[in-house]
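*Asks:* Residue numbers (the numbering used here): 1010 to 1836.
Dropping the structure in here first, questions after.
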RNA sequence: GCCGAAGUGGCGGAAUUGGUAGACGCGCUGGAUUCAAAAUCCAGUGGAGGUUAACUUCGUAAGGGUUCGAGUCCCUUCUUCGGCACCA
């Protein structure tokens, strides 16, 4: 489109950069290191989509500026190559996931190179490579040794129509992502990582991170720490006693029944014969409810009486034990003490089943009213024996002390966070390196036997069963301890495991001896800037933090937070404002735009068109704005009509430095400052706008000043500075212009332009004059003018006088450099 | 339902964090150039009024408040988007 020959320029510079090894990082040199990371991509095939470009281009521009500021930038790229889509694709087409994945990676590598980013491909990491997943397995074994990897029976998402287990992220509102059938819960023995052991540290470290507030907030909520107490209830006519967790021990006198989760393992034990049938029926009904129904908050509460009774430890009252699905087996102890007067859910349940409601807290002020809903605020104790009259907040502390004294309870902290279920009944993932021996039980695969390789010769059938189960030899093995015939674990690991440590592998991806070199990563990590989508706000980022902490505790590294500074990019939506998706037919393919405008323009447009952290609908009607702008810069620097001759002339005129030059110089320094700060903060749109302004100023100077009076030396310097400012955003074009301006070395080896505060300052400033807060005039005063001088100018300014005459001046507010506000009133 | 983010011209978006709202662009209008068009260059461009000048007035989702001064802070309401779903 534009006059600049972007095709040749792109090819020329990508080749030159490659030849010179411009972006090869010296990993040994750790002084002023900067580890710049984007979330690696899933090799989905097809083409890089807008989202990739939007993630990678701007981040690379940021890093280019940092490089010019003297940082030793490490910018690696890799692939999160395991995962379900490749396996589903295999089931559909018969193409082996390994083949299709490796082909996709090749394609994507080629496309990624078109962005023209500073990736050093010598440090590529591919998670499905046995040299990588060997170490994923090794890490599993280390966690296993620490007791941080374990197996337990747990409910999984089961799709009755696909006959398969689904990962959480494949469940959409309780239905199967593929077939739309309702998901049910099924119990299976699964592998877990004990992330809950790190709950406190994961929570407490958050405040110290330079991350978006909303992401920190989301992680805190996800961990969901709550403080309260554990209270023990004796079961009538039973040796058992049950513990409940409560955040409201102050309501203990108001407990009128207990509720157990239907899946509670001890439920059967307490149910007397005469209630068995009914309880069983309810359990079965509840378990087979789809997730959507069970999770619905608006549905009516259901439940049955178990026939068992417990004793309230504070008043000796006998209370019934019910079972209901509003109690979750996975949280707390799977059993709650119900206080209908002070908990809305309990209130609804009690109303439904005509259970007693006893109020024990009353508002501090206002009269007592009959409850029509639960009263959940603090207040004054009533109906609580000797504690009546005490404030509930105080009683909360007191009752815990009492429980500890008498031995029926204690202080307790609980978490919403659950252990990380890493088992997948899938083929295309890293096999879990465990052998099940009939004699020795669970036996870890010895480290020297790693990796446990995925067999290639497997059959993909749409049964939902993992091909590893049916493989003739993979499963059969011998016990590494006793040599008996044994079976390999056939579950593979969740792909989040692969991606929870890849950033540790990047600095040293060829290492055959260990997953990473401790000294090296202690110097290169934590990652200095991590950029990725906000959809990873919780899971990936939490898992990676956990992994880093666990490895630190085992002594493999010295830091515990992997990502010092994090930024999210927004999402570029389809033209229709919806998320791009093939099914909606609103996807936008970058390729056509790159062919038409070139990679620089495309990348820069993405940066210019949106607030980076927000994104928005795709609209190509303004991409020509950037095309036009680059064109203007190009013509300024190359056309004789403008400044084309400056790059060729040997002798440049240095005419007197007048007001025009001073003004342009001022603009230059303001621009340098603005672009530097905006880019640092990922405000690419305003950074680019400022370069546009500078460009406009240069045009104006050239246009308005007669050619033989132009200060050519100065003008050339200004243009060169602008080229450097442009370089991070339009690397190919800038590099070309930089060369044409007579420079031998790459623009990216050039120091980033510096600004000089003195040269930014203007001698005179324009200030607004307000009368009663409305702008009525303007004054021009010297930048150093004192308040008196400003006031004098303001009071005599044009248009201002008529608002003052005949009025009394009540107040004068003078903000030097900004405005004057004169408050007047009628006499 | 809870938590979080956000609502600014015809459009994308700015606004030094309480100090001249609308930077920079897109689009549009007019002019220059051209046989003509495209491209380019120049100028104008929130609404209403006004002798199309000066200037006045309204204006940042709606309503109220604090302040000399509010897009920015506080309260209420509405809308949109994202996250979580009975967490005891």
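Positions of the beta carbon are idealized from the N, C-alpha and C atoms, including for glycine.
This one's a predicted model, so the numbers in the text were calculated from it and none came from an experiment.
Looking at C-beta atoms only, is the number of pairs between the region 1459–1466 and the region 1511–1528 that lie closer than 8 Å three or more?
*Replies:* no
*Asks:* May I ask you to report which of helix, strand or coil DSSP gives residue 1397?
*Replies:* Reduced to three states, the DSSP call for residue 1397 is coil.
*Asks:* Just to confirm, are residue 1357 and residue 1310 a CB contact at a threshold of 8 Å?
*Replies:* yes
*Asks:* In chain order, what residues of the same chain have a beta carbon less than 8 Å from the beta carbon of residue 1639, not counting five sequence neighbours either side?
*Replies:* 1011, 1013, 1609, 1610, 1613, 1739 and 1742
*Asks:* Whose C-alpha, out of 1217, 1616, 1698 and 1673, is nearest the C-alpha of residue 1573?
*Replies:* 1217
*Asks:* Are residue 1202 and residue 1157 close, meaning C-beta to C-beta below 8 Å?
*Replies:* yes
*Asks:* Roughly how many angstroms separate the alpha carbons of residue 1494 and residue 1467, rounded to a whole number?
*Replies:* 22 Å
*Asks:* In chain order, what residues of the same chain have a beta carbon less than 6 Å from the beta carbon of residue 1034, not counting five sequence neighbours either side?
*Replies:* Counting only Cβ-Cβ distances below 6 Å, and skipping sequence neighbours, we find 1083 and 1129.
*Asks:* How should residue 1190 be labelled, buried or exposed, when 16 other C-beta atoms within 10 angstroms of its C-beta is the threshold for buried?
*Replies:* exposed
*Asks:* When the Cβ atoms of the region 1418–1425 are set against those of the region 1108–1127, are three or more pairs found closer than 8 Å?
*Replies:* no
*Asks:* Between the region 1669–1685 and the region 1619–1637, can you find at least three pairs of beta-carbon atoms closer than 8 Å?
*Replies:* no
*Asks:* From the DSSP output, in three-state form, read off residue 1038 for me.
*Replies:* coil
*Asks:* Hey, out of 1210, 1118 and 1327, whose CA is closest to residue 1426's CA?
*Replies:* 1210
*Asks:* How many whole angstroms separate the CB atoms of residue 1350 and residue 1368, which I take to be in contact at a CB cut-off of 8 Å?
*Replies:* 4 Å
*Asks:* Measure how close the beta-carbons of residue 1788 and residue 1825 come, nearest whole angstrom, since I'm counting them as under 8 Å.
*Replies:* Your pair residue 1788 and residue 1825 does not check out as a contact, with CB atoms roughly 12 Å apart and the cut at 8 Å.
*Asks:* Does the Cβ of residue 1786 have 16 or more other Cβ atoms within 10 Å, making it buried, or fewer, making it exposed?
*Replies:* buried
*Asks:* Enumerate in chain order the residues of its own chain whose CB-to-CB distance from residue 1445 is below 7 Å, with the five nearest sequence positions on each side excluded.
*Replies:* 1451, 1495, 1496 and 1498
*Asks:* Entirely within the region 1057–1129 and at least 4 residues each: give me those alpha helix (DSSP H) ranges in chain order.
*Replies:* 1059–1077, 1093–1102 and 1106–1124
*Asks:* Take the Cβ of residue 1681 as the centre, count every other Cβ of all protein chains shown within 10 Å, and call the residue buried at 16 or more, exposed below.
*Replies:* buried
*Asks:* Which ranges would you report for the alpha helix (DSSP H) in the region 1663–1703 if only whole runs of at least 4 residues count?
*Replies:* 1668–1689
*Asks:* How many whole angstroms separate the CB atoms of residue 1516 and residue 1525, which I take to be in contact at a CB cut-off of 8 Å?
*Replies:* So it is a contact: roughly 7 Å between Cβ atoms.
*Asks:* Cutting at 7 Å between CB atoms, please list the residues of its own chain near residue 1598, excluding the five before and the five after it.
*Replies:* 1056
*Asks:* Name the DSSP bridge partner or partners of residue 1331?
*Replies:* 1268 and 1314
*Asks:* Judging by CA-CA distance, which residue of 1015, 1023 and 1017 is the nearest neighbour of residue 1755?
*Replies:* 1023
*Asks:* Starting from residue 1513 and walking both ways along the alpha helix (DSSP H), at which residues does that stretch end?
*Replies:* 1511–1514
*Asks:* Locate the beta strand (DSSP E) running through residue 1783, then write down its first and last residues.
*Replies:* 1783–1791
*Asks:* Relative to the alpha-carbon of residue 1281, which residue among 1329, 1416, 1323 and 1402 has its alpha-carbon at the smallest distance?
*Replies:* 1329
*Asks:* Which residue wins for smallest C-alpha separation from residue 1060, given the options 1725, 1618, 1542 and 1646?
*Replies:* Of 1725, 1618, 1542 and 1646, the residue nearest in Cα terms is 1542.
*Asks:* Identify which residue in 1372, 1780 and 1020 has its Cα closest to the Cα of residue 1821.
*Replies:* 1780
*Asks:* Is DSSP giving residue 1628 helix, strand or coil here?
*Replies:* DSSP places residue 1628 in coil when its eight states are reduced to three.
*Asks:* Who are the Cβ neighbours of residue 1039 in its own chain at under 8 Å, not counting the five residues just before and after it?
*Replies:* 1081, 1532 and 1533
*Asks:* Do residue 1512 and residue 1536 have their C-beta atoms within less than 8 Å of each other?
*Replies:* yes
*Asks:* Mind reading off the beta-carbon distance from residue 1694 to residue 1641? Whole number of angstroms is fine, and I expect it under 8 Å.
*Replies:* Residue 1694 to residue 1641, Cβ: 18 Å. No contact.
*Asks:* Any idea what DSSP makes of residue 1193, helix, strand or coil?
*Replies:* strand
*Asks:* Determine the direct distance from the alpha carbon of residue 1439 to that of residue 1098, and round the result to whole angstroms.
*Replies:* In a straight line, the C-alpha of residue 1098 is about 18 Å away from that of residue 1439.
*Asks:* Express the C-alpha separation of residue 1707 and residue 1730 in angstroms, rounding to a whole number.
*Replies:* 12 Å
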